[in-house]
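Trainee:
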Amino acid sequence: MKIVILVKQVPEADKVAVDPETGTLIREGVASILNPYCEYALDQAAKLKKENPDLNIEVTAISMGPPQATSALLRCLELGADKAYLLSDRKFAGSDVWATSSAIKEGIVGLEPEFDLIIAGKQAIDGDTAQVPAETAEQLGIPQITYGVDVKINDKRVEVKRETETGYQILSTKMPALITMSKGSNIRRVPSMQDVLDARTKPLNIVSADDLNIDESKIGLSASPTQVDKVFAPPSKSGGEIIDGADSKAAAKKLLEYLKENNFLRV
Ligand SMILES: Cc1cc2nc3c(=O)[nH]c(=O)nc-3n(C[C@H](O)[C@H](O)[C@H](O)COP(=O)(O)OP(=O)(O)OC[C@H]3O[C@@H](n4cnc5c(N)ncnc54)[C@H](O)[C@@H]3O)c2cc1C
Numbered sequence: 007m008k009i010v011i012l013v014k015q016v017p018e019a020d021k022v023a024v025d026p027e028t029g030t031l032i033r034e035g036v037a038s039i040l041n042p043y044c045e046y047a048l049d050q051a052a053k054l055k056k057e058n059p060d061l062n063i064e065v066t067a068i069s070m071g072p073p074q075a076t077s078a079l080l081r082c083l084e085l086g087a088d089k090a091y092l093l094s095d096r097k098f099a100g101s102d103v104w105a106t107s108s109a110i111k112e113g114i115v116g117l118e119p120e121f122d123l124i125i126a127g128k129q130a131i132d133g134d135t136a137q138v139p140a141e142t143a144e145q146l147g148i149p150q151i152t153y154g155v156d157v158k159i160n161d162k163r164v165e166v167k168r169e170t171e172t173g174y175q176i177l178s179t180k181m182p183a184l185i186t187m188s189k190g191s192n193i194r195r196v197p198s199m200q201d202v203l204d205a206r207t208k209p210l211n212i213v214s215a216d217d218l219n220i221d222e223s224k225i226g227l228s229a230s231p232t233q234v235d236k237v238f239a240p241p242s243k244s245g246g247e248i249i250d251g252a253d254s255k256a257a258a259k260k261l262l263e264y265l266k267e268n269n270f271l272r273v
């Protein structure tokens, strides 16, 4: 059985600022990490491999990004993936979510066409749109189940415990299918020295648009329907007003006055 995991390298979220002049992200000096939700996808693939030794599961990590994204793929190889591909080419630059999904779809079809299951993160902590997996599934014409927290394989079907706002659903679909993961162990795993050494012997290939014969009209800025008007950091909010609750009657009176003064009450 073949599992593809889709992974994205992202800047550490709390260290990124927006340049007020240009509206672009200031990335200098900011460390890059494997997107945490992609880490959950990796964990889930490694877990399925461990739980189903009879299925001979092979895990392939695919990312589209600049050459430095190989470090995110190396982490995947250290923590359970068997091989990895980085789709990297200037022709991919300027891709919005749709053009990114097109490139990923072409990458999967060209590199791992016999896949059974694709596991992605529910969202990237930088772009945060949560659209790439859904659009990739749509472009591949396969079913998708989002917000997974646990996955099981039953014959040719995949069963997913899915998180909702009020609880959980158990959904199942036939494979090939795509799943996104919204939770996992929440612990950044540390590979052993042996894992680190083994990862260096696994295949990690950088693939260009030409290697995959991708039609250039499907990728990059010209294939991106999204227009970005402006990027800006929202103004920071003040700390709010805290009412001391030691004297509950006085606190309730003060709260009532506040609500009346600010027209939150009709009385
Ligand atoms: C007009 C426009 C131009 C842009 N130009 C650039 C640019 O030049 N360079 C640039 O870096 N970004 C660019 N972006 C941003 C880029 O489109 C998004 O970062 C990308 O589409 C992923 O979206 P997201 O971060 O919201 O991912 P989400 O949809 O939130 O990600 C969810 C999951 O999808 C998978 N996934 C997402 N992205 C990838 C990926 N690249 N490879 C593999 N799996 C992935 C992962 O599993 C991830 O957890 C541009 C955006 C727009 C609108």
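Offset between the sequence shown (1-based) and my numbering: plus 6. Backbone N, C-alpha and C define an ideal beta-carbon position, used for all residues, glycine too.
#1: What would DSSP say about residue 38, mapped onto helix, strand or coil?
#2: For residue 209 and residue 227, I'd like the C-alpha separation in whole angstroms.
#3: Taking all protein chains shown into account, decide if residue 46 is buried (16 or more other Cβ within 10 angstroms of its Cβ) or exposed.
#4: Between the beta-carbon of residue 52 and the beta-carbon of residue 80, is there less than 8 Å?
#5: Please confirm whether any heavy atom of ligand 1 lies closer than 7 Å to the CB of residue 69.
#6: Output yes or no for whether 8 Å exceeds the beta carbon distance between residue 148 and residue 165.
#7: Could you say which of 69, 63, 211 lies nearest to residue 7 if we only look at CA atoms?
#8: Report the CB separation of residue 17 from residue 132 in whole angstroms; it is logged as a contact under 8 Å.
#9: What is the DSSP secondary structure of residue 188, reduced to helix, strand or coil?
#10: Please classify residue 48 as buried or exposed, where buried requires at least 16 neighbouring CB atoms within 10 angstroms.
#11: Ignoring anything shorter than 4 residues or poking outside the region 119-170, list the alpha helix (DSSP H) runs there in chain order.
#12: Just to confirm, are residue 66 and residue 10 a CB contact at a threshold of 8 Å?
#13: Heavy atom of ligand 3 less than 7 Å from the Cβ of residue 230, yes or no?
#14: Return the CA-CA distance between residue 219 and residue 115, expressed in angstroms with no decimal places.
Mentor: Checking against the coordinates, here is how it stands:
#1: Residue state for residue 38 is assigned as strand, using DSSP reduced to three classes.
#2: Taking the straight line from one Cα to the other gives about 30 Å.
#3: Buried, since its Cβ has 16 or more Cβ neighbours within 10 Å.
#4: Going by C-beta atoms, residue 52 is not nearer than 8 Å to residue 80.
#5: Indeed, a heavy atom of ligand 1 lies less than 7 Å from the Cβ.
#6: No, the Cβ-Cβ distance between residue 148 and residue 165 is not below 8 Å.
#7: With distances taken between Cα atoms, residue 7 lies closest to 63.
#8: Going by Cβ atoms, the distance from residue 17 to residue 132 rounds to 6 Å, so yes, they are a contact pair.
#9: In the three-state DSSP reduction, residue 188 falls in the coil class, being neither helix nor strand.
#10: By the beta-carbon neighbour count (other beta carbons within 10 angstroms, threshold 16), residue 48 is buried.
#11: Fully enclosed alpha helix (DSSP H) runs of no fewer than 4 residues occupy 138-146 of the region 119-170, in order along the chain.
#12: It is a contact, given that the beta carbons lie within the stated cut-off.
#13: Only ligand 1 can be found as ligands here, which leaves ligand 3 out of the picture.
#14: Taking the Cα positions, residue 219 is about 11 Å away from residue 115.
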